[in-house]
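Visitor: Quick one: structure below, then a few questions.
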Amino acid sequence: MNDSRLMHIGGGWVPAAAGAVLESVDPSTEQVLATVPDAGAEDVEAAVGAARAAAPGWRDLGWRRRAALLRELSDRIGAQAEELARLDVRDSGNPLSGMRADVTGACDELLYYGGIAPEARG
Numbered sequence: 042m043n044d045s046r047l048m049h050i051g052g053g054w055v056p057a058a059a060g061a062v063l064e065s066v067d068p069s070t071e072q073v074l075a076t077v078p079d080a081g082a083e084d085v086e087a088a089v090g091a092a093r094a095a096a097p098g099w100r101d102l103g104w105r106r107r108a109a110l111l112r113e114l115s116d117r118i119g120a121q122a123e124e125l126a127r128l129d130v131r132d133s134g135n136p137l138s139g140m141r142a143d144v145t146g147a148c149d150e151l152l153y154y155g156g157i158a159p160e161a162r163g
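Residues 42 to 163 (the numbering used here) are what the sequence shown spells out, left to right.
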């Protein structure tokens with residue numbers, strides 16, 4: 042499995058501006074799992090600029106819609122939890138139990154922040 046990936050910046054999938062890549066290697070087999078962009082300062086600036094440009098639209102959705110989107114993302118990650126945990130094991134070499142806990146924790150965090158949205162003041 043040598044899969045080439047891109048970064049998502051500003052609504053599109055892009056390579057690193059400088060064209061640099063990193064290989065994700067399975068530590069147990071030394072097999073290349075994927076090739077990913079090696080982001081540099083120019084990519085970070087592009088991502089920050091895109092985030093700034095998107096912030097008013099996210100704000101204007103209102104807390105109910107933002108909370109619903111966080112719950113939906115948690116559900117989508119949860120539906121792929123085992124696959125994501127196993128992929129993380131291959132990438133990091135960590136035990137499956139820990140990677141399952143990481144995925145579950147990510148889902149829990151999204152649900153937490155979606156749940157406290159009605160409490161936000163300011």
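Cβ coordinates follow ideal geometry from the N, Cα and C atoms, glycine included. Keep in mind it's a predicted model, so treat the numbers as computed, not measured.
(1) Answer with buried or exposed for Ile157, where buried requires no fewer than 16 other C-beta atoms within 10 angstroms of its C-beta.
(2) Per the DSSP calculation, Leu55 is bridged to which residue(s)?
(3) Check this for me: beta carbons of Ala211 and Arg106, under 9 Å apart or not?
(4) Within 10 angstroms of its Cβ, does Leu151 collect 16 or more other Cβ (buried), or is it exposed?
(5) At a cut of 8 Å, does the segment 130-141 reach the segment 78-87 through at least three beta carbon pairs?
(6) According to the neighbour-count rule (16 or more other Cβ atoms, all chains shown, within 10 Å of its Cβ), is Val144 buried or exposed?
(7) Within its chain, find whatever has a CB closer than 7 Å to the CB of Gly51; leave out the 5 residues flanking it on each side and keep chain order.
Guide: This is what the structure gives:
(1) In the sequence shown, the residue the question calls residue 157 occupies position 116. Ile157 should be labelled exposed.
(2) Taking the sequence shown and counting its residues from 1, one reaches residue 55 at position 14. The question names Leu, but residue 55 in the sequence shown is Val. DSSP output for Val55 lists Met48 as bridge partner(s).
(3) There is simply no residue 211 to check, as the chain begins at 42 and stops at 163 in what is shown.
(4) In the sequence shown, residue 151 corresponds to position 110, counting from 1. Leu151 is buried by the Cβ-count criterion.
(5) no
(6) One-based indexing of the sequence shown puts residue 144 at position 103. Val144 comes out buried.
(7) Here residue 51 refers to the residue found at position 10 of the sequence shown. So the list reads Ala87 and Ala91, once near-sequence residues are dropped.
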